[in-house]
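There are 6 protein chains.
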Amino acid sequence: MAKVAKPLSLITETPQQGFDLAVKLARIGVKTTQPDKEVLFKLREIYANDADSLIACSQVIAIHFQTVAAANNYWRGSK
Amino acid sequence: MAKVAKPLSLITETPQQGFDLAVKLARIGVKTTQPDKEVLFKLREIYANDADSLIACSQVIAIHFQTVAAANNYWRGSK
Amino acid sequence: MAKVAKPLSLITETPQQGFDLAVKLARIGVKTTQPDKEVLFKLREIYANDADSLIACSQVIAIHFQTVAAANNYWRGSK
Amino acid sequence: MAKVAKPLSLITETPQQGFDLAVKLARIGVKTTQPDKEVLFKLREIYANDADSLIACSQVIAIHFQTVAAANNYWRGSK
Amino acid sequence: MAKVAKPLSLITETPQQGFDLAVKLARIGVKTTQPDKEVLFKLREIYANDADSLIACSQVIAIHFQTVAAANNYWRGSK
Amino acid sequence: MAKVAKPLSLITETPQQGFDLAVKLARIGVKTTQPDKEVLFKLREIYANDADSLIACSQVIAIHFQTVAAANNYWRGSK
Numbered sequence: 003m004a005k006v007a008k009p010l011s012l013i014t015e016t017p018q019q020g021f022d023l024a025v026k027l028a029r030i031g032v033k034t035t036q037p038d039k040e041v042l043f044k045l046r047e048i049y050a051n052d053a054d055s056l057i058a059c060s061q062v063i064a065i066h067f068q069t070v071a072a073a074n075n076y077w078r079g080s081k
Numbered sequence: 003m004a005k006v007a008k009p010l011s012l013i014t015e016t017p018q019q020g021f022d023l024a025v026k027l028a029r030i031g032v033k034t035t036q037p038d039k040e041v042l043f044k045l046r047e048i049y050a051n052d053a054d055s056l057i058a059c060s061q062v063i064a065i066h067f068q069t070v071a072a073a074n075n076y077w078r079g080s081k
Numbered sequence: 003m004a005k006v007a008k009p010l011s012l013i014t015e016t017p018q019q020g021f022d023l024a025v026k027l028a029r030i031g032v033k034t035t036q037p038d039k040e041v042l043f044k045l046r047e048i049y050a051n052d053a054d055s056l057i058a059c060s061q062v063i064a065i066h067f068q069t070v071a072a073a074n075n076y077w078r079g080s081k
Numbered sequence: 003m004a005k006v007a008k009p010l011s012l013i014t015e016t017p018q019q020g021f022d023l024a025v026k027l028a029r030i031g032v033k034t035t036q037p038d039k040e041v042l043f044k045l046r047e048i049y050a051n052d053a054d055s056l057i058a059c060s061q062v063i064a065i066h067f068q069t070v071a072a073a074n075n076y077w078r079g080s081k
Numbered sequence: 003m004a005k006v007a008k009p010l011s012l013i014t015e016t017p018q019q020g021f022d023l024a025v026k027l028a029r030i031g032v033k034t035t036q037p038d039k040e041v042l043f044k045l046r047e048i049y050a051n052d053a054d055s056l057i058a059c060s061q062v063i064a065i066h067f068q069t070v071a072a073a074n075n076y077w078r079g080s081k
Numbered sequence: 003m004a005k006v007a008k009p010l011s012l013i014t015e016t017p018q019q020g021f022d023l024a025v026k027l028a029r030i031g032v033k034t035t036q037p038d039k040e041v042l043f044k045l046r047e048i049y050a051n052d053a054d055s056l057i058a059c060s061q062v063i064a065i066h067f068q069t070v071a072a073a074n075n076y077w078r079g080s081k
């Protein structure tokens, strides 16, 4: 039986999980615009070897991480 | 009878619906500036095959998602 | 008698009016920097047919919409 | 006697004054980095006639306006 | 015994530690997208000698610092 | 005796000091990535004479100023 994907939630237990979620959201944003995996695979060769593209990726992750961190009240209580 | 479009609202039941709304808002921002569908169709060939353009699209979605997530109090209560 | 422009306000009744205001603010930002309508008309030919420019326009609208949405408490109460 | 410049404040009476302040802050940011008026005058010819530069200017104004609007509680009370 | 990395936390004692964390998060964002250290080493030659790339790096740090500062309530209480 | 640098704090007495701090933070972000003063000196010739680079600098300052302004509650109380 195909694994049912967990519904998207912004709540995570730890900041690291929050950062991983931000990375996932940034990538979903790209896949939503370009669903063709072959195209994405070819483009990876380009952006993964381009300094400005990598910095731009990091920026999208930073914006999503800001959202996820606020959603989790910055994990203030967590150990 | 032509379907009456639901008025825009930022309130969604789930984070996934919130993300879909953010994608929609990002695209409305483009269509508001360039309403000509033919032009947009031609341009899609370009940005959908350009790494930096796809990252930039993901960034606009991230900013709108930040707004929609705050509007829904980060869906903290929802299952 | 020349119509007196309504003073700028961030408060709108609906999210759609809020989005329209965000578009207006983004355009005022351009006109404030370049008031010459002829120049703007010529430049429209360029940015309205350039994918990255259209994405950049959508991003400025997204930032203003974030401000307007917060100003209206995300229209939480409104129908 | 040379006019004493009013100390910088983020509080304005109206949203329009708030937007004007955001434009001023965006320009101060450029002048702080490049104080030479002659250089700025020459560069104006370039950015004021470049669509992407004008959009980028509008974005800096949008970020400052977000700050000024929050500072003034979005002028919610004002007429 | 290999040193166990401290789990990621957004809480720091001082603004300087907060800024250092923001720099670290910005870099993790790049490494998450491109884990190959050799590629990153080669790219460093490029972005570290390019004005716009350095400004873009500073911007990603600024976004993360905004998140970390909010997480620490802007270190208002701290000496 | 070498002057001991004051520890970084986001709290300033006035908005102008807050803006100056934002400029300083934007520059620290560049220096953290490229500590070599000679390289930075050479690059200054480029970005300080490039409209888009100057706009990008102003944007990083705007993001840091947003953080510093929030840290100081927008200097609402101050004269």
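Residue numbers (the numbering used here), protein chains in the order written: chain A, 3 to 81; chain B, 3 to 81; chain C, 3 to 81; chain D, 3 to 81; chain E, 3 to 81; chain F, 3 to 81.
Glycine residues also receive a C-beta, built at the ideal position from the N, C-alpha and C atoms.
Remember, it's a predicted structure, so these values are computed and weren't measured experimentally.
Query - Min CB distance Leu27 of chain D to chain C below 7 Å - result: One-based indexing of the fourth sequence puts residue 27 of chain D at position 25. No, no contact with chain C.
Query raised in the report: Taking Ala28 of chain C as the reference, which of C:Cys59, C:Leu45, C:Thr14 has the closest Cα?
Result: Here the question's residue 28 of chain C lines up with position 26 in the third sequence. Among C:Cys59, C:Leu45, C:Thr14, the Cα nearest to that of Ala28 of chain C is on C:Cys59.
Query raised in the report: Just by C-beta distance, which residues in the region 53-67 of chain D are closer than 7 Å to chain F?
Result: Ser55, Ala58, Cys59, Gln61, Val62, Ile65, His66
Query raised in the report: For Ala72 of chain E, which residues in chain A fall below 9 Å Cβ to Cβ?
Result: For the purposes of this step, residue 72 of chain E is identified with residue 70 of the fifth sequence, where counting begins at 1. Chain A residues near Ala72 of chain E: Gln68, Ala71, Ala72, Tyr76.
Query - Listed by chain order, chain B residues near Thr16 of chain C by CB distance under 8 Å - result: For the purposes of this step, residue 16 of chain C is identified with residue 14 of the third sequence, where counting begins at 1. Near Thr16 of chain C (Cβ distances below 8 Å), the residues of chain B are Pro9, Leu10.
**Report entry** Residues that Thr21 of chain B contacts on chain A, provided the C-beta gap is smaller than 9 Å
**Finding:** Within the second sequence, residue 21 of chain B is the residue found at index 19, counting from 1. The residue you asked about is not Thr; residue 21 of chain B is Phe in the sequence shown. Those are Leu10, Leu27, Ile30, Gly31, Thr34, listed as they occur along chain A.
Query raised in the report: What residues from chain C crowd round Val41 of chain B, counting only those whose CB sits closer than 8 Å?
Result: Numbered from its first residue, the second sequence carries residue 41 of chain B at position 39. The contacting residues are Ala50, Asn51.
Query raised in the report: Just how far apart, CA to CA, sit Asn51 of chain E and Ile48 of chain D?
Result: Here the question's residue 51 of chain E lines up with position 49 in the fifth sequence. Here the question's residue 48 of chain D lines up with position 46 in the fourth sequence. One C-alpha to the other measures close to 24 Å.
Query raised in the report: Which word fits Ala64 of chain A, buried or exposed, when buried means at least 16 other C-beta atoms lie within 10 angstroms of its C-beta?
Result: Locating residue 64 of chain A in the first sequence gives position 62, where the first residue counts as 1. It counts as buried.
Requested in this report: Return yes when the Cβ of Asn74 of chain D is within less than 7 Å of the Cβ of Gly20 of chain D, no when it is not.
Outcome: On the fourth sequence, position 18 is the one that residue 20 of chain D refers to. On the fourth sequence, position 72 is the one that residue 74 of chain D refers to. For Gly20 of chain D and Asn74 of chain D, yes; Cβs fall inside 7 Å.
Query raised in the report: Alpha carbon to alpha carbon, how far is Pro9 of chain E from Leu23 of chain E?
Result: Translated into the one-based positions of the fifth sequence, residue 9 of chain E becomes position 7. Translated into the one-based positions of the fifth sequence, residue 23 of chain E becomes position 21. Roughly 13 Å between the two C-alpha positions.
Requested in this report: Please list, in chain order, all residues of the same chain as Thr2 of chain C whose beta carbon is under 7 Å from its beta carbon, the five residues on each side excluded.
Outcome: Residue 2 of chain C falls outside the range modelled here, since chain C spans only 3 to 81, and no answer is possible.
Query raised in the report: Should Thr1 of chain D and Leu42 of chain F be called a contact, given that it needs their Cβ atoms to be closer than 7 Å?
Result: Nothing about residue 1 of chain D can be read from this structure; chain D reaches only from 3 to 81.
Query raised in the report: Could you check where the alpha helix (DSSP H) with Pro17 of chain E kicks off and where it finishes?
Result: Position 15 of the fifth sequence holds residue 17 of chain E. Segment 17-35, the alpha helix (DSSP H) holding Pro17 of chain E.
**Report entry** Where Lys46 of chain D falls: helix, strand or coil (DSSP)
**Finding:** Mapped onto the fourth sequence, residue 46 of chain D falls at position 44. At residue 46 of chain D the sequence reads Arg, which differs from the Lys that was named. Here Arg46 of chain D sits in helix by DSSP.
Requested in this report: Closer than 7 Å by C-beta to Val25 of chain E: which residues in its own chain qualify, once you throw out the five before and the five after it? Chain order, please.
Outcome: Counting from 1 along the fifth sequence, the entry for residue 25 of chain E is found at position 23. Ile63, listed in sequence order.
Query raised in the report: Would the beta-carbon of Gln68 of chain E fall within 7 Å of that of Thr69 of chain F?
Result: Here residue 68 of chain E corresponds to residue number 66 of the fifth sequence, with the count starting at 1. Here residue 69 of chain F corresponds to residue number 67 of the sixth sequence, with the count starting at 1. Yes, the pair counts as a contact, with Cβ atoms nearer than the cut-off.
Requested in this report: Identify whether Ser80 of chain C lies in helix, strand or coil by the three-state DSSP scheme.
Outcome: For this step, residue 80 of chain C is matched to residue 78 along the third sequence. Ser80 of chain C: coil per DSSP, three-state reduction.
**Report entry** Presumed contact (8 Å Cβ cut-off) between Gln61 of chain F and Gln18 of chain D, rounded CB distance
**Finding:** Within the sixth sequence, numbered from 1, the residue matching residue 61 of chain F stands at position 59. Within the fourth sequence, numbered from 1, the residue matching residue 18 of chain D stands at position 16. Going by Cβ atoms, the distance from Gln61 of chain F to Gln18 of chain D rounds to 23 Å, so no, they are not a contact pair.
Query raised in the report: CB-CB under 7 Å to Ala137 of chain C, same chain, minus the five flanking residues each way: which ones, in chain order?
Result: Only positions 3 to 81 of chain C appear in this structure, which leaves residue 137 of chain C out of reach.
**Report entry** Own chain residues within Cβ distance below 6 Å of His66 of chain F, not counting five before or after
**Finding:** For this step, residue 66 of chain F is matched to residue 64 along the sixth sequence. Only Ala24, Leu27, Ala28 meet the Cβ criterion.
**Report entry** Endpoints, the alpha helix (DSSP H) within which Ser55 of chain D is located
**Finding:** Position 53 of the fourth sequence, counted from the first residue, corresponds to residue 55 of chain D. Start and end: 53-73.
Requested in this report: Pick helix, strand or coil for Lys8 of chain A, following the three-state DSSP scheme.
Outcome: Within the first sequence, residue 8 of chain A is the residue found at index 6, counting from 1. Note: Lys8 of chain A maps to coil in three-state DSSP.
**Report entry** Cβ distance (whole Å) where Leu12 of chain A is taken to contact Ala53 of chain B below 8 Å
**Finding:** As a first step, residue 12 of chain A must be located in the first sequence, where it is residue number 10. As a first step, residue 53 of chain B must be located in the second sequence, where it is residue number 51. Wrong, their Cβ atoms sit about 27 Å apart, outside the cutoff.
Query raised in the report: Between Asp38 of chain A and Ala7 of chain C, what straight-line distance do the alpha-carbon atoms span, to the nearest angstrom?
Result: By 1-based counting over the first sequence, the position of residue 38 of chain A is 36. By 1-based counting over the third sequence, the position of residue 7 of chain C is 5. Rounded to whole angstroms, Asp38 of chain A to Ala7 of chain C spans 48 Å at the Cα level.
Query raised in the report: Lys33 of chain B to Glu40 of chain F, Cα distance in whole Å?
Result: Taking the second sequence and counting its residues from 1, one reaches residue 33 of chain B at position 31. Taking the sixth sequence and counting its residues from 1, one reaches residue 40 of chain F at position 38. Their Cα atoms are separated by approximately 46 Å.
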